[in-house]
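There are 2 protein chains.
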Amino acid sequence: MKHWGDVAIIGVGLIGGSIGLALRQRALADNVIGIGRRQVSLRIARRVGAVTHTTVDLAKGVARAELVIVCTPAGQIVEHVRQAAAACPEGTLLTDAGSAKQAIVEALDGQLPRGCRFLGSHPIAGSEKGGPSSAQANLFEGRVAVLTPTRNTRAEDFDLLEEFWQGLGSVVLQMSPEEHDRALAVTSHLPHMAAAALAVTVSEPCFRLAGGGLLDATRLAAGDPNLWQQILLMNRGNVLTALEQFGGNLSALHAAIRDGNEAELKRFLTTAKKNRDALGS
Amino acid sequence: MKHWGDVAIIGVGLIGGSIGLALRQRALADNVIGIGRRQVSLRIARRVGAVTHTTVDLAKGVARAELVIVCTPAGQIVEHVRQAAAACPEGTLLTDAGSAKQAIVEALDGQLPRGCRFLGSHPIAGSEKGGPSSAQANLFEGRVAVLTPTRNTRAEDFDLLEEFWQGLGSVVLQMSPEEHDRALAVTSHLPHMAAAALAVTVSEPCFRLAGGGLLDATRLAAGDPNLWQQILLMNRGNVLTALEQFGGNLSALHAAIRDGNEAELKRFLTTAKKNRDALGS
Chain D
32 MKHWGDVAII GVGLIGGSIG LALRQRALAD NVIGIGRRQV SLRIARRVGA
82 VTHTTVDLAK GVARAELVIV CTPAGQIVEH VRQAAAACPE GTLLTDAGSA
132 KQAIVEALDG QLPRGCRFLG SHPIAGSEKG GPSSAQANLF EGRVAVLTPT
182 RNTRAEDFDL LEEFWQGLGS VVLQMSPEEH DRALAVTSHL PHMAAAALAV
232 TVSEPCFRLA GGGLLDATRL AAGDPNLWQQ ILLMNRGNVL TALEQFGGNL
282 SALHAAIRDG NEAELKRFLT TAKKNRDALG S
Chain B
32 MKHWGDVAII GVGLIGGSIG LALRQRALAD NVIGIGRRQV SLRIARRVGA
82 VTHTTVDLAK GVARAELVIV CTPAGQIVEH VRQAAAACPE GTLLTDAGSA
132 KQAIVEALDG QLPRGCRFLG SHPIAGSEKG GPSSAQANLF EGRVAVLTPT
182 RNTRAEDFDL LEEFWQGLGS VVLQMSPEEH DRALAVTSHL PHMAAAALAV
232 TVSEPCFRLA GGGLLDATRL AAGDPNLWQQ ILLMNRGNVL TALEQFGGNL
282 SALHAAIRDG NEAELKRFLT TAKKNRDALG S
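First to last, the protein sequences are chains D and B.
Take 32 as the starting number for the first sequence in this note's numbering and just add one per residue.
Take 32 as the starting number for the second sequence in this note's numbering and just add one per residue.
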């Protein structure tokens with residue numbers, strides 16, 4: 032397992048903080064430099080042990096980095112990678128943890144100065160709770176991390192990042208950015224939208240009647256509106272397609288109930304159960 | 032707290048089994064008679080301690096009952112209450128645990144023979160896992176149980192059932208059957224449909240990319256298709272209205288994303304978060 036010298040993490044929220052914690056608990060890096068805008072988050076990241084050093088100065092933070100991981104909200108990743116690539120050592124590898132990849136990879140792939148390279152990552156882990164105080168060293172254990180190489184990607188960069196995520200306990204999958212975004216629109220962005228639309232539909236007089244099912248079905252809606260607004264707009268085309276597929280399935284369900292079509296309704300609910308059972312618990 | 036002699040439970044699945052377990056662990060009844068169609072379920076119910084006696088003969092099971100609780104699937108409740116009312120002691124109180132109330136109450140209210148009375152109950156507790164082996168004595172603790180009296184309901188029957196559910200740890204709410212069904216269409220039946228439609232939309236190649244959010248958002252879809260088909264059709268009018276409201280909210284979300292309307296998208300996600308946060312965890 033490669034041992035890193037300095038790893039710089041830009042954005043020490045749940046994901047960035049958890050990467051730092053995991054790196055330190057597994058002794059995979061000498062120094063973890065946490066870079067953020069707010070001293071208060073950086074202090075928490077240091078206190079929970081997610082980072083060894085902190086700074087609000089991005090250029091200073093990446094100055095000695097062997098690896099830079101950008102964990103800021105999706106809409107800021109491109110800008111932060113560019114800023115980091117301008118200030119880090121020559122030939123540094125940079126990655127991210129964004130939930131939409133195509134726009135980010137298109138903007139950065141093969142376009143960084145001074146021999147720096149960007150290769151997109153997406154660890155499929157998270158929670159509706161954000162911030163470094165929610166960070167967990169085992170957040171990535173047994174979870175999938177997707178790498179999205181292109182024809183510009185060097186094999187050794189892919190291998191390094193594969194080893195990096197495996198070192199944090201992840202199972203690494205390789206997908207094209209397009210493939211990733213199409214799939215995540217369905218598995219992550221659509222459930223978020225469904226949860227949000229459900230939460231909007233439930234009005235206050237009903238809250239006291241909420242059972243465990245409603246709590247589960249709407250849990251994602253507690254996520255940060257700012258983060259999610261950016262993800263949904265960055266993956267707009269796929270997100271709209273996923274919403275339309277979902278809408279089509281809801282219409283089929285509506286028709287079966289309206290028509291009192293027991294056979295069709297049962298077939299729908301049975302397919303749903305089969306898929307859900309296959310997802311595991 | 033009233034102590035019961037014989038309580039008969041028709042249908043010893045998750046709900047019926049949990050009622051029996053709670054009655055026995057809290058020593059609220061001398062005998063709990065479990066009535067079912069399948070010996071195998073009845074054996075499990077006896078083994079887990081949910082019932083003291085079992086029978087597949089409904090008439091025999093209710094012959095000495097002071098209270099009859101029908102916990103069979105929604106579509107069978109009316110028939111089972113009628114059968115029980117024909118065989119139990121004169122003047123017995125009967126209730127149920129069905130998730131849709133209006134059709135059931137309309138069919139039974141003030142219409143039972145021999146001085147027997149039906150008063151509808153709905154304990155808002157459950158799980159996607161059914162069967163007596165999933166029964167829990169604390170399933171109702173701190174959860175809402177709705178009673179749906181009508182102008183035919185005797186005050187002493189309401190008081191008895193209020194005390195019954197409170198004895199199991201529930202918080203009792205009073206609603207009309209219509210009010211109950213309108214609210215539950217939104218808080219329970221709609222989340223079930225959303226989860227099912229999500230699970231239908233996610234196809235197999237995506238399963239390996241499932242994160243915790245997708246698992247939560249689709250959890251309800253693992254429920255029994257037979258039970259849910261009956262509930263959705265029994266509450267058809269309200270269920271269709273709830274689906275249409277949900278569809279309207281999804282359309283608003285679709286339009287905001289399609290138009291790249293950041294302000295509107297953020298407003299939507301913020302309302303969703305506010306509602307979800309108010310629901311608790």
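Heads up, the beta-carbon is just placed ideally off N, CA and C, and yes, glycines get one too.
Name the residue from D:95, D:38, D:55, D:114 whose alpha carbon lies nearest to the alpha carbon of residue 166 of chain D.
-> Within the first sequence, the letter at position 135 stands for residue 166 of chain D. Of the candidates D:95, D:38, D:55, D:114, the one whose C-alpha sits nearest the C-alpha of residue 166 of chain D is D:55.
- Query: What are the start and end residues of each continuous beta strand (DSSP E) run of 3 or more residues lying completely inside the region 60 to 93 of chain B, in chain order?
  - Reply: 60 to 66, 84 to 86
For residue 301 of chain D, three-class secondary structure by DSSP: The count along the first sequence starts at 1 and reaches residue 301 of chain D at position 270. Of the three classes helix, strand and coil, the one that applies to residue 301 of chain D here is helix, per DSSP.
| Buried or exposed: where does residue 185 of chain D fall if 16 or more other Cβ atoms within 10 Å of its Cβ makes it buried? | Indexing the first sequence from 1 puts residue 185 of chain D at position 154. Classification for residue 185 of chain D: exposed.
Residue 123 of chain B and residue 150 of chain B - do their beta-carbons sit closer together than 8 Å? As a position in the second sequence, residue 150 of chain B is number 119, starting the count at 1. As a position in the second sequence, residue 123 of chain B is number 92, starting the count at 1. Not closer than 8 Å, so no.
Helix, strand or coil at residue 233 of chain B [DSSP, three-state]
For the purposes of this step, residue 233 of chain B is identified with residue 202 of the second sequence, where counting begins at 1. Residue 233 of chain B: coil per DSSP, three-state reduction.
Residues from the region 285 to 307 of chain B in contact with chain D, defined by Cβ distance under 8 Å = 285, 288, 289, 291, 293, 296, 297, 299, 300, 301, 302, 303, 304, 306, 307
Residue 275 of chain B to residue 281 of chain D span [Cα, whole Å]: Here residue 275 of chain B refers to the residue found at position 244 of the second sequence. Here residue 281 of chain D refers to the residue found at position 250 of the first sequence. Each residue's alpha carbon lies about 9 Å from the other.
| query | For the 8 Å Cβ check, are there 3 or more pairs between the region 293 to 304 of chain D and the region 239 to 246 of chain D? | reply | no
Under three-state DSSP, which class holds residue 151 of chain D? Your numbering for residue 151 of chain D matches position 120 in the first sequence. It is a strand residue.
Residues of the region 188 to 200 of chain D with a CB closer than 9 Å to any CB of chain B: list them in chain order, please. none
Next item on the list: Quick one: grab the DSSP three-state call for residue 22 of chain D.
Entry: The structure shown does not extend to residue 22 of chain D, since chain D spans only 32 to 312, so no value can be given for it.
Quiz prompt | Every unbroken alpha helix (DSSP H) inside the region 160 to 215 of chain D [4 residues or more] | solution = 186 to 198, 208 to 215
Worksheet item: Just how far apart, CA to CA, sit residue 105 of chain D and residue 132 of chain D?
Response: In the first sequence, residue 105 of chain D corresponds to position 74, counting from 1. In the first sequence, residue 132 of chain D corresponds to position 101, counting from 1. For residue 105 of chain D and residue 132 of chain D, the distance between alpha carbons rounds to 9 Å.
Q: Closer than 7 Å by beta-carbon distance: list the chain B residues that pair up with residue 369 of chain D, in chain order.
A: Only positions 32 to 312 of chain D appear in this structure, which leaves residue 369 of chain D out of reach.
Cutoff 8 Å: residue 231 of chain B Cβ touching any chain D Cβ: Position 200 of the second sequence, counting from 1, holds the residue named residue 231 of chain B. Judged by the 8 Å Cβ criterion, residue 231 of chain B is in contact with chain D.
Excluding the 5 residues flanking residue 199 of chain D on each side, which residues of the same chain have their C-beta closer than 6 Å to its C-beta? Looking up residue 199 of chain D in the first sequence gives position 168. Same-chain partners within the cutoff: 53, 171.
Whether residue 205 of chain D touches residue 178 of chain D by CB criterion (8 Å):
In the first sequence, residue 205 of chain D corresponds to position 174, counting from 1. In the first sequence, residue 178 of chain D corresponds to position 147, counting from 1. Yes, Cβ-Cβ distance for residue 205 of chain D and residue 178 of chain D is below 8 Å.
Notebook entry, point to check: In chain order, what residues of the same chain lie with their CB nearer than 6 Å to the CB of residue 193 of chain D, ignoring the 5 residues before and after it?
Noted result: Residue numbering aside, residue 193 of chain D sits at position 162 when the first sequence is read from its first letter. The answer, listed in chain order, is 203.
Item to complete: Taking C-beta pairs closer than 7 Å, name the residues in chain B that residue 127 of chain D reaches, listed in chain order.
Response: For the purposes of this step, residue 127 of chain D is taken as residue 96 along the first sequence, with counting starting at 1. Under the 7 Å cutoff, chain B gives no residues; its nearest Cβ is about 17 Å from residue 127 of chain D.
Closer than 8 Å, Cβ to any Cβ of chain D: which residues of the region 212 to 227 of chain B, in chain order? 214, 215, 217, 218, 219, 221, 222, 223, 224, 225, 226, 227
- [ ] Alpha carbon to alpha carbon, how far is residue 219 of chain D from residue 49 of chain B? Give it in angstroms, no decimals.
- [x] Here residue 49 of chain B refers to the residue found at position 18 of the second sequence. Here residue 219 of chain D refers to the residue found at position 188 of the first sequence. Distance between the alpha carbons of residue 49 of chain B and residue 219 of chain D: 35 Å.
| query | Closer than 8 Å, CB to CB, is residue 35 of chain D near chain B or not? | reply | Translated into positions along the first sequence, residue 35 of chain D becomes position 4. No, because no Cβ of chain B sits closer than 8 Å to the Cβ of residue 35 of chain D.
**Message:** Assess contact between the region 138 to 154 of chain B and the region 221 to 238 of chain B, defined as three or more Cβ pairs (one per stretch) separated by less than 8 Å. Is contact present?
**Reply:** no
*asked:* For chain B, check one thing: does any of its Cβ atoms lie closer than 8 Å to the Cβ of residue 157 of chain D?
replied: Walking along the first sequence from the start, residue 157 of chain D turns up at place 126. Judged by the 8 Å Cβ criterion, residue 157 of chain D is in contact with chain B.
Item checked: Sheet register partners of residue 37 of chain D (DSSP bridge) -> Taking the first residue of the first sequence as position 1, residue 37 of chain D is located at position 6. DSSP output for residue 37 of chain D lists D:62 as bridge partner(s).
Ordered list of alpha helix (DSSP H) runs contained in the region 224 to 290 of chain B, each at least 4 residues: 243 to 249, 256 to 265, 267 to 289
* Asked: If you draw a straight line from the C-alpha of residue 161 of chain D to the C-alpha of residue 102 of chain D, how long is it?
  -> Numbered from 1 along the first sequence, position 130 holds the residue referred to as residue 161 of chain D. Numbered from 1 along the first sequence, position 71 holds the residue referred to as residue 102 of chain D. Residue 161 of chain D and residue 102 of chain D: Cα-Cα distance of roughly 12 Å.
By Cβ distance below 7 Å, which residues in the same chain neighbour residue 159 of chain B in space, the five residues on each side in sequence not counted?
To locate residue 159 of chain B, count along the second sequence from 1; it is residue 128. Contacts found: 250, 251, 253, 254.
Please list, in chain order, all residues of the same chain as residue 80 of chain B whose beta carbon is under 7 Å from its beta carbon, the five residues on each side excluded.
In the second sequence, residue 80 of chain B corresponds to position 49, counting from 1. Result list for residue 80 of chain B: 52, 55, in chain order.
At which residues does the beta strand (DSSP E) containing residue 99 of chain B begin and terminate? Taking the first residue of the second sequence as position 1, residue 99 of chain B is located at position 68. That run of the beta strand (DSSP E) goes 98 to 101.
Item checked: Cβ of residue 205 of chain B within 8 Å of any chain D Cβ -> Taking the second sequence and counting its residues from 1, the one referred to as residue 205 of chain B is at position 174. Cβ-Cβ to chain D under 8 Å: no for residue 205 of chain B.
Please name the residue, chosen from D:248, D:310, D:85, that lies closest to residue 163 of chain D on a Cα-to-Cα basis. Here residue 163 of chain D corresponds to residue number 132 of the first sequence, with the count starting at 1. Out of D:248, D:310, D:85, D:85 has the C-alpha closest to the C-alpha of residue 163 of chain D.
Note to self: Quick check on residue 126 of chain D: does DSSP put it in helix, strand or coil?
What the structure shows: In the first sequence, the residue the question calls residue 126 of chain D occupies position 95. In this structure, residue 126 of chain D counts as strand in the three-state DSSP scheme.
- request: Might you give, ordered along the chain, the residues of its own chain that have their beta carbon closer than 7 Å to the beta carbon of residue 117 of chain D, omitting 5 neighbours on each side?
  value: Counting from one through the first sequence, the residue named residue 117 of chain D turns up at place 86. 144.
Selection of the region 73 to 99 of chain D by Cβ proximity to chain B, strictly under 7 Å
none
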